[in-house]
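Here the structure comes first, spelled out in structure tokens, and everything after it is commentary.
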């Protein structure tokens, strides 16, 4: 389960003797019903994707009749989306917001997480509980006052005005996930740095950070997905295409004309922004799983 | 791994003794300096706005003249708590949370048990199961809208071809049906999360435990009920807490699917509508504070009565 290279060998050695035993036990008694469940779960996960793609490839009668297989598949919906300047702006906004928020959150969180994972500290349990409880705050409680404050000071409907409140949720998520990754790094490595006369901060910079690169990457992925996904703050604090990120743009997407069923274009836009995330899951599956369960925090 | 620390049977890691107290003091100072920036940011972007929201909720703001306001005390709260809209949204949100979280835990446990079995294609199944998790919530809503759209949807088409009820229903146009679609969209996207937490709990249970049960002649069902479920309890509770907290602030799904129509408005949506659509800053702020308090009360109840393991972790940190 661990993504930390330092721990990987021990984890594998520990699980190796068990694995063949379990496989024998499992495979010899695998009930046919299990396959029914496997197929049902796969169907439940994949069929909606198929239908989204299917809908995005249809127009006119083929779309309104709901053909199971598009008789005349067309990419026209995709062309419409890419010719829509508001959608392109939204993509740009989302990338800027997600990259900046993730970077800032990771920098501050890695300091805090190191202190929480390793250093002696007063009221550590209280601080951890506090941080964890922030992740459960309903975003509306932040969005409502931010709406008033930002309109007073001119940050309403700006990218910066979105990045700042998004940190509220990105930072605790990053701190919590990173703390559990830092805890997994063997202490011996720091101890030998201390022997060589290093201060705790030097140990953090020279020993922990390089070893924690996989954990940092995992945390970055989870925070990025969560910021990219966030909707309530984004819809409350923006009003123009110049500041709207992707989820809001899609929610307000209304197609080409009022006579055309807009669901075809909306589906195409949805497919476009889903593809990078699907690739991310396929490439970083192990990381995402270990991060989700490490912090046990919603990503 | 943090989840393992939540499960019983782990000895707390012993910090190596460093007797020099001057060093301790330096370490505490460093720890403070390293956490302070994050805590300051969180105070500025979370605590300050919430404090300001409380102040806003105690005033009434003129819709016509900008900047004109008067202090009204708890009037906005009294108005909200005696309104049908608030209690409808309250009931709606809890109904949604109850339905979706129960389904997610049941399905998540089933998925976790499947993923814990050894069979060819387990890796494929894990990837497939994880895919909906990466979908943004707005797209999950749109996906299920395409599934249930009259005439165009897969589900509606299949139902009417088979002559089953529901084929000619405008699903998003009626309360019960609209709720079903909203719950479905949530279950689809977030069951993987529950499944992976529960799977992590499942993998900590040692094979020896099962072998002992097998030797005692326990049936598969007996083993599941008497051994697996009790040992899984901490993981299931953890998944339940995170999923419930998230479900109680539901906003994206009803926003995209119904705009809150047909009695599907959630607490967060009601506050948003008052604030942004109706420009009622005082009322909207009171509603968002009420939403906040509701979620906090539920989380305290959860941690008190179900989350003994979480408190143990907190103790262990000291």
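Residue numbers (my numbering), protein chains in the order written: chain A, 31 to 329; chain B, 5 to 322.
Where is the CB? At the ideal position from N, CA and C, for every residue including glycine.
Just how far apart, CA to CA, sit residue 52/B and residue 93/B? By one-based count along the second chain, residue 52/B stands at place 48. By one-based count along the second chain, residue 93/B stands at place 89. Going from the Cα of residue 52/B to the Cα of residue 93/B covers about 26 Å.
Coarse secondary structure for residue 153/A, derived from DSSP in three states: Translated into the one-based positions of the first chain, residue 153/A becomes position 123. Note: residue 153/A maps to coil in three-state DSSP.
Any idea what DSSP makes of residue 73/B, helix, strand or coil? Stepping through the second chain from its first residue, residue 73/B is reached at position 69. In this structure, residue 73/B counts as strand in the three-state DSSP scheme.
Per DSSP, what kind of secondary structure is residue 323/A in: helix, strand or coil? If you number the first chain from 1, residue 323/A lands on position 293. It is helical.
Could you tell me whether the Cβ of residue 144/A comes closer than 8 Å to any Cβ of chain B? Along the first chain, one-based indexing puts residue 144/A at 114. Yes, its Cβ sits closer than 8 Å to a Cβ of chain B.
Quick check on DSSP: helix, strand or coil for residue 65/B? Here residue 65/B is taken as the residue at index 61 of the second chain, counted from 1. If DSSP states are grouped into helix, strand and coil, residue 65/B belongs with the strands.
Anything in the segment 274–298 of chain B with a Cβ closer than 7 Å to a Cβ of chain A? List those residues in chain order, please. 275, 276, 279, 280, 285, 288, 289, 292, 293, 295, 296
Does the segment 189–204 of chain A come close enough to the segment 254–262 of chain A that 3 or more CB-CB pairs lie under 8 Å? yes
Residue environment, residue 207/A, which counts as buried when at least 16 other CB atoms sit within 10 Å: Position 177 of the first chain, counted from the first residue, corresponds to residue 207/A. Burial check for residue 207/A: the Cβ neighbour count within 10 Å reaches 16 or more, so the residue is buried.
Between residue 124/A and residue 276/A, is the Cβ-Cβ spacing less than 8 Å? The residue labelled residue 124/A in the question sits at position 94 within the first chain. The residue labelled residue 276/A in the question sits at position 246 within the first chain. Taking 8 Å as the cut-off, the beta carbon of residue 124/A is found closer than this to the beta carbon of residue 276/A.
DSSP three-state label for residue 226/B, please. Within the second chain, numbered from 1, the residue matching residue 226/B stands at position 222. Three-state DSSP puts residue 226/B in a helix.
Would you give the residue range spanned by the alpha helix (DSSP H) that residue 179/B belongs to? Reading the second chain from its first residue, position 175 is the one you call residue 179/B. Start and end: 179–208.
Whole-angstrom distance between residue 119/A and residue 64/B, CA atom to CA atom: Along the second chain, read from residue 1 onward, the residue named residue 64/B stands at position 60. Along the first chain, read from residue 1 onward, the residue named residue 119/A stands at position 89. Approximately 37 Å between the Cα atoms of the pair.
Compare the C-beta of residue 322/A with all C-beta atoms of chain B and state if any pair is closer than 8 Å. Here residue 322/A refers to the residue found at position 292 of the first chain. It does; some Cβ of chain B falls within 8 Å.
Residue 268/A (DSSP reduced to helix, strand or coil): In the first chain, the residue the question calls residue 268/A occupies position 238. Note: residue 268/A maps to coil in three-state DSSP.
Measure how close the beta-carbons of residue 166/A and residue 299/B come, nearest whole angstrom, since I'm counting them as under 8 Å. Position 136 of the first chain, counting from 1, holds the residue named residue 166/A. Position 295 of the second chain, counting from 1, holds the residue named residue 299/B. Right, the Cβ-Cβ distance comes to about 6 Å (below 8 Å), so this counts as a contact.
Are the CB atoms of residue 83/B and residue 171/A nearer to each other than 8 Å? Start at 1 with the first residue of the second chain, and residue 83/B comes out as number 79. Start at 1 with the first residue of the first chain, and residue 171/A comes out as number 141. Not a contact, by the Cβ cut-off of 8 Å.
For residue 212/B, count neighbouring C-beta atoms within 10 Å of its own C-beta (all shown protein chains included) and say buried if the count is 16 or more, exposed if not. Residue numbering aside, residue 212/B sits at position 208 when the second chain is read from its first letter. Exposed.
I want to verify the contact list: residues of chain A whose CB lies under 9 Å from the CB of residue 255/B, in sequence order. To locate residue 255/B, count along the second chain from 1; it is residue 251. The contacting residues are 168, 169, 170, 261, 262, 265.
At what residue ranges does the segment 227–308 of chain B contain a whole run of the alpha helix (DSSP H), taking only runs of 4 or more? 233–252, 256–261, 271–276
Neighbour flag for residue 88/B against chain A, beta carbons, 8 Å: The residue labelled residue 88/B in the question sits at position 84 within the second chain. Chain A, which has no Cβ nearer than 8 Å to the Cβ of residue 88/B, makes this no.
Is residue 181/B close to chain A? Criterion is C-beta to C-beta, closer than 8 Å. Here residue 181/B is taken as the residue at index 177 of the second chain, counted from 1. It does not; no Cβ of chain A falls within 8 Å.
Interface residues of the segment 212–239 of chain B facing chain A [CB-CB below 7 Å]: none
Within the 8 Å Cβ cut-off, does residue 83/B reach chain A? Numbered from its first residue, the second chain carries residue 83/B at position 79. It does not: the Cβ of residue 83/B has no partner Cβ on chain A nearer than 8 Å.
The alpha helix (DSSP H) that contains residue 242/A, what's its start and end? Position 212 of the first chain, counted from the first residue, corresponds to residue 242/A. Premise fails: residue 242/A is in no alpha helix (DSSP H) and is neither H nor E.
Excluding the 5 residues flanking residue 113/B on each side, which residues of the same chain have their C-beta closer than 6 Å to its C-beta? Within the second chain, numbered from 1, the residue matching residue 113/B stands at position 109. Residues of the same chain with a CB within less than 6 Å of the CB of residue 113/B, apart from the 5 flanking positions on each side, are 202 in chain order.
Determine, using beta-carbon pairs with one atom in the segment 140–150 of chain B and one in the segment 182–199 of chain B, whether at least three such pairs fall under 8 Å. yes
Mind listing the chain A neighbours of residue 66/B? Cutoff is C-beta to C-beta under 9 Å, in chain order. For the purposes of this step, residue 66/B is identified with residue 62 of the second chain, where counting begins at 1. What residue 66/B touches in chain A: nothing, since even the nearest Cβ is about 14 Å away.
What in chain B is Cβ-close to residue 180/A, meaning under 8 Å? What you label residue 180/A is simply residue 150 of the first chain in a count that begins at 1. By Cβ distance, chain B contributes nothing, its closest Cβ being about 10 Å from residue 180/A, past 8 Å.
Going along the chain, which residues of the segment 31–44 of chain B sit with their C-beta nearer than 9 Å to a C-beta in chain A? 31, 32, 34, 35, 36, 37, 38, 39, 40, 41, 42, 43
For residue 138/B, go through chain A and note every residue whose CB falls closer than 7 Å to its CB, in chain order. Numbered from 1 along the second chain, position 134 holds the residue referred to as residue 138/B. What residue 138/B touches in chain A: 255, 307, 308, 310, 311.
Evaluate residue 169/A with the Cβ neighbour count: other Cβ atoms within 10 Å of its Cβ, from every protein chain shown; 16 or more gives buried, anything less gives exposed. The residue given as residue 169/A occupies position 139 in the first chain. Counting Cβ neighbours within 10 Å, residue 169/A comes out buried, since at least 16 surround it.
Less than 6 Å between C-beta atoms, sequence neighbours within five positions excluded: which residues of the same chain meet that for residue 52/A? Position 22 of the first chain, counted from the first residue, corresponds to residue 52/A. For residue 52/A, the predicted model reports a pLDDT of 45, less than 50, meaning its position is unreliable and no value from the coordinates is stated.
Comparing the C-beta of residue 57/A with each C-beta of chain B, is any distance below 8 Å? To locate residue 57/A, count along the first chain from 1; it is residue 27. Low per-residue confidence applies at residue 57/A: pLDDT is 49, beneath 50, and the placement is therefore not dependable, though the value from the model is reported in the following sentence. True, the Cβ-Cβ gap to chain B drops below 8 Å.
Just reading off the alpha helix (DSSP H) that residue 150/B is part of, what are its end residues? Within the second chain, numbered from 1, the residue matching residue 150/B stands at position 146. Where residue 150/B is concerned, the enclosing alpha helix (DSSP H) stretches over 141–152.
Sorted by chain position, which residues of the same chain lie with C-beta nearer than 6 Å to residue 111/B's C-beta, five sequence neighbours on each side aside? For this step, residue 111/B is matched to residue 107 along the second chain. Answer for residue 111/B: 195, listed in chain order.
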